[in-house]
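Shown next, in structure tokens, is the structure this report addresses.
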Ligand code: BTN
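Below is the structure:
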């Protein structure tokens, strides 16, 4: 792709022209916003599923575990997708795994890069993170009312503009390829993949999602460190169960089921 892409590489018209599925037919675009997830969450109940909120920059981009997601203008992808799956609260991790699979497949196709998923939803290139997913939910009586899938991807940013501590563990598609990519094209490709994998989720074909996630994972079969609420655990990432939870084999031989935590592959 061209080295001369300007911020016009992001436009709702271009995204809609390329879309084949129904996710993303309704797009709300903001030049600058606090967080696409916050807006999507606020409107989700009165809005059709498949609606997508996209921003060119975020001032309060949210990451997992209360972290900040650095969201400079004109370079990256910040989007939140509203869905209303018929799921019980125990199964919600499947939403995030499904989105990670969709993003990875779309980006691999467009860039030919060896993109991998670190449990549950970090997108990794050469051991560095370039993308993440933050799913926020409204649940009533143990059933999902709606889910907001927030996707942040470092695409055309030079990672050297990020603070040192982030730079050491992060990358971008630009840094890995030396090329600039059209954000509209990437977004359309991801939305179409999500359209497909969301149908798989709705048919409760979870094994298909889990086995594709396993195929793309860089976590399984590796020694890892997991931090959960200030406690640190070491062990072998043995498998994921049918709700997407990580099964960690501790050195004591005990199998630990992990629903959320910060994973480092050793
Ligand atoms: C992570 O920590 O790995 C998750 C990062 C998720 C960032 C995205 S950017 C679009 C959406 N809006 C937000 O405020 N966060 C998510």
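Numbering (the working numbering), first residue to last: 4 to 269. All C-beta atoms in this analysis are idealised placements derived from N, C-alpha and C, irrespective of residue type, glycine included.
Status (buried if at least 16 other CB within 10 Å, exposed otherwise) for residue i
i           : result
residue 208 : exposed
residue 121 : buried
residue 166 : exposed
residue 230 : exposed
residue 235 : exposed
residue 4   : For residue 4, the predicted structure reports a pLDDT of 41, less than 50, and the residue's modelled location is therefore unreliable. A value from the coordinates is still provided. With fewer than 16 other Cβ atoms within 10 Å, it is exposed.
residue 186 : buried
residue 145 : exposed
residue 237 : exposed
residue 12  : buried
residue 245 : exposed
residue 191 : buried
residue 1   : For residue 1 there is no data in the structure shown, the boundaries of the chain being 4 and 269.
residue 241 : exposed
residue 9   : Low local confidence applies: a pLDDT of 49 at residue 9 is under 50, so the model's placement there is unreliable, with the coordinate-based value given in what follows. Per the 10 Å Cβ criterion, exposed.
residue 69  : exposed
residue 85  : buried
Residue i beta carbon near the ligand BTN (any heavy atom closer than 8 Å)
i           : result
residue 82  : yes
residue 54  : no
residue 154 : yes
residue 112 : no
residue 96  : no
residue 59  : no
residue 1   : What the structure shows of the chain is the stretch from 4 to 269, and residue 1 is not part of that stretch, so it cannot be assessed.
residue 125 : yes
residue 116 : no
residue 234 : no
residue 247 : no
residue 267 : no
residue 40  : yes
residue 74  : yes
residue 137 : yes
residue 67  : yes
residue 218 : no
residue 64  : yes
residue 182 : no
residue 170 : no
residue 21  : no
residue 211 : no
residue 78  : no
residue 70  : yes
residue 270 : Nothing about residue 270 can be read from this structure; the chain reaches only from 4 to 269.
Those residues which DSSP pairs with residue i across a bridge
i           : result
residue 246 : Paired residue(s): none; residue 246 is not in a bridge.
residue 236 : 229
residue 81  : 58 and 155
residue 220 : 120
residue 131 : 128
residue 165 : Its beta-bridge partners do not exist; DSSP assigns none.
residue 186 : The partner list for residue 186 (beta bridge, DSSP) is empty, contrary to what the question assumes.
residue 101 : Partner(s): none; residue 101 has no beta bridge.
residue 255 : Bridge partners of residue 255: none, in fact.
residue 160 : Paired residue(s): none; residue 160 is not in a bridge.
Check whether residue i and residue j have beta carbons under 9 Å apart
i           : j           : result
residue 118 : residue 107 : yes
residue 105 : residue 123 : no
residue 159 : residue 183 : yes
residue 126 : residue 136 : yes
residue 78  : residue 175 : yes
residue 225 : residue 258 : no
residue 194 : residue 71  : no
residue 212 : residue 267 : no
residue 88  : residue 204 : yes
residue 188 : residue 113 : yes
- Message: For the pair the segment 28-39 and the segment 56-67, tell me if three or more CB-CB distances fall below 8 Å.
- Response: Using a Cβ-Cβ distance cut-off of 8 Å, the segment 28-39 and the segment 56-67 are in contact, since at least three pairs of beta carbons, one from each stretch, lie closer than that value.
- Query: Taking contact to mean at least 3 C-beta pairs separated by less than 8 Å, is the segment 109-116 in contact with the segment 87-98?
  - Reply: no
- Query: Pairing CB atoms from the segment 15-29 with CB atoms from the segment 197-205, are three or more of them under 8 Å?
  - Reply: yes
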